[in-house]
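Per this note's numbering, the sequence shown starts with residue 1126, numbered consecutively. Backbone N, C-alpha and C fix where the C-beta goes; we use that ideal spot for every residue, glycine too. Here the structure comes first, spelled out in structure tokens, and everything after it is commentary.
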Amino acid sequence: MRIVFMGTPDFAVPVLDALIAAGHEIAAVVSQPDREKDRKGNLLPTPVKAFALQRGLSVLQFERVSDHVGELRSLAPDVMITAAYGQLLRAEVLTVAPYGVLNVHASLLPLYRGASPVQSALLAGETKTGVTVMQTALGMDTGDMLGVTAVPIDVTDTAQTLSQKLAAEGARLLVQILYKLAAGEIKPVPQDDTKATYCKKIVKADGRIDWRLPARDIVCRVRAYNPWPAAFTVYKGVPLKILAAAAVDGDFGAAGSVTVENDTLTVACGAGGVRLLCVQSAGKKAMSAAEFLRGNKVPSGTVLENA
């Protein structure tokens, strides 16, 4: 098939790679405008843009894709594919290609419609999630489902590792669906809107830890916000990222108070405690709690700030 691919972050790269490997013709790749900057203030290409340019593909970047329908039509795609593109598509975009727009969404729809399905599954403490390929409609992830694959969530999974698993599964599923679609073997399945749940866009402030929450909820946040925005607390007035942690049972005192024992650092929570396993101070490399304690004298009873 001749495809216009639309995607922006790392999640979309394996999907695009799988389409190329399957022999589909990529008419163009559409990505969000470059917004992230390096330490020198230089704009960085989106992950999808960087990959597409490496593969010699034509790349388009639009502030509003709906303002460029004519340009998309001129590419004459058979189908358009989106994977974490980052913009809602208006009706005129959905009719550009004969097969419409297919979206690779990182959840078991209708669960976790919206911008943060991977993080939301981890925040909820789910043990299973998945990926859905759907026919894009005007609503927020409301279109008919063309295929679904379930993926177990390991207890050590973070948003980064789980996204990688889902991207790989989504890429395989999409390639299968495109073959079946061309052969007329796909039967769309409507979503059950009564079971729909929605998730919001993650912002940096979400990462700040409230130690009054139960320990297991906080560990879910540590996993969900790794690598971005990263769960963090404040130690001596400076943000301290928590990159890995484990919930432990017991009474460790008032929420936010620290217990240091045998190179371990445990923070009291609303219920139980959180044992810090990997942390990162501002401008420093990530390190184990034991390494952090060797470089920082943290007496038991130190209180970390609540959100």
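Item                                                                                                                                                                                         : Value
Just the Cα atoms here: how many angstroms apart are His1149 and Leu1182?                                                                                                                    : 13 angstroms
Go to Phe1417, then tell me how far its beta strand (DSSP E) extends in each direction, as first and last residue.                                                                           : Careful: Phe1417 lies outside any beta strand (DSSP E), inside the alpha helix (DSSP H) at 1414 to 1420.
If you draw a straight line from the C-alpha of Pro1202 to the C-alpha of Leu1298, how long is it?                                                                                           : 20 angstroms
Determine the closest residue to Ala1369 out of Leu1402, Phe1417, Asp1142, with distance taken between C-alpha atoms.                                                                        : Leu1402
Leaving out the 5 sequence neighbours to the left and right, which residues in its chain are closer than 7 angstroms to Pro1364 when beta-carbon positions are compared?                     : Phe1357, Ala1407
Identify which residue in Val1399, Val1428, Asp1331, Cys1394 has its Cα closest to the Cα of Ala1372.                                                                                        : Val1399
Which stretch, first to last residue, makes up the beta strand (DSSP E) that contains Glu1161?                                                                                               : Looking at the DSSP string, Glu1161 is not in any beta strand (DSSP E), and its letter there is neither H nor E.
Are Lys1326 and Ala1240 touching if we call contact CB-CB under 8 angstroms?                                                                                                                 : yes
Based on the DSSP secondary-structure assignment, which residues constitute the bridge partners of Asn1228?                                                                                  : Thr1207, Met1259
So, helix, strand or coil for Gln1405, using DSSP?                                                                                                                                           : strand
Which same chain residues end up closer than 6 angstroms to Asn1228 when comparing Cβ atoms and leaving out the 5 residues on each side of it in sequence?                                   : Thr1207, Met1259, Thr1261
Kindly indicate which residue of Gly1255, Pro1158, Leu1144 has the alpha-carbon position closest to the one of Met1205.                                                                      : Leu1144
Between Ala1209 and Thr1133, which are expected to be in contact by the criterion C-beta below 8 angstroms, what is the C-beta distance as a whole number of angstroms?                      : 6 angstroms
Tell me which same chain residues have a C-beta within less than 6 angstroms of the C-beta of Val1300, skipping the five on either side of it?                                               : Ala1143, Ala1147
Identify which residue in Val1190, Ala1379, Ile1151, Lys1165 has its Cα closest to the Cα of Arg1180.                                                                                        : Ile1151
When we look at the beta-carbon of Val1280 and count the other beta-carbons within 10 Å, is it buried (16 or more) or exposed?                                                               : exposed
Would you mind stating whether Met1270 and Leu1213 have Cβ atoms separated by less than 8 angstroms?                                                                                         : no
What is the DSSP secondary structure of Pro1313, reduced to helix, strand or coil?                                                                                                           : coil
Inspect the beta-carbon positions of Lys1174 and Ser1156 and report whether they are closer than 8 angstroms.                                                                                : yes
For Ser1245 versus Cys1345, is the C-beta distance shorter than 8 angstroms?                                                                                                                 : no
Spell out the partners DSSP gives Tyr1360 in its beta bridges.                                                                                                                               : Val1363
Is Val1328 buried or exposed, if buried means 16 or more other CB atoms sit within 10 Å of its CB?                                                                                           : exposed
Identify every run of the alpha helix (DSSP H) within the stretch 1321 to 1383, keeping only runs that are complete inside it and at least 4 residues long; order them along the chain.      : 1340 to 1349
When you compare only the Cα positions, how much space is there between Leu1247 and Thr1257?                                                                                                 : 17 angstroms
Please classify Val1385: does DSSP put it in a helix, a strand, or coil?                                                                                                                     : strand
Kindly list the residues whose CB is nearer than 7 angstroms to the CB of Thr1389, restricted to its own chain and excluding five residues on each side of it in sequence; keep chain order. : Arg1400, Ala1414
Between Gly1426, Arg1189, Val1392, Lys1312, which lies nearest to Val1273 when the distance is taken from Cα to Cα?                                                                          : Lys1312
Hey, Ser1288 and Val1243: beta-carbon distance below 8 angstroms or not?                                                                                                                     : yes
How many angstroms separate the CA atom of Val1129 from the CA atom of Glu1188?                                                                                                              : 17 angstroms
Going by DSSP, what residue range makes up the alpha helix (DSSP H) through Glu1150?                                                                                                         : Unbroken run through Glu1150 is the beta strand (DSSP E), 1150 to 1156; no alpha helix (DSSP H).
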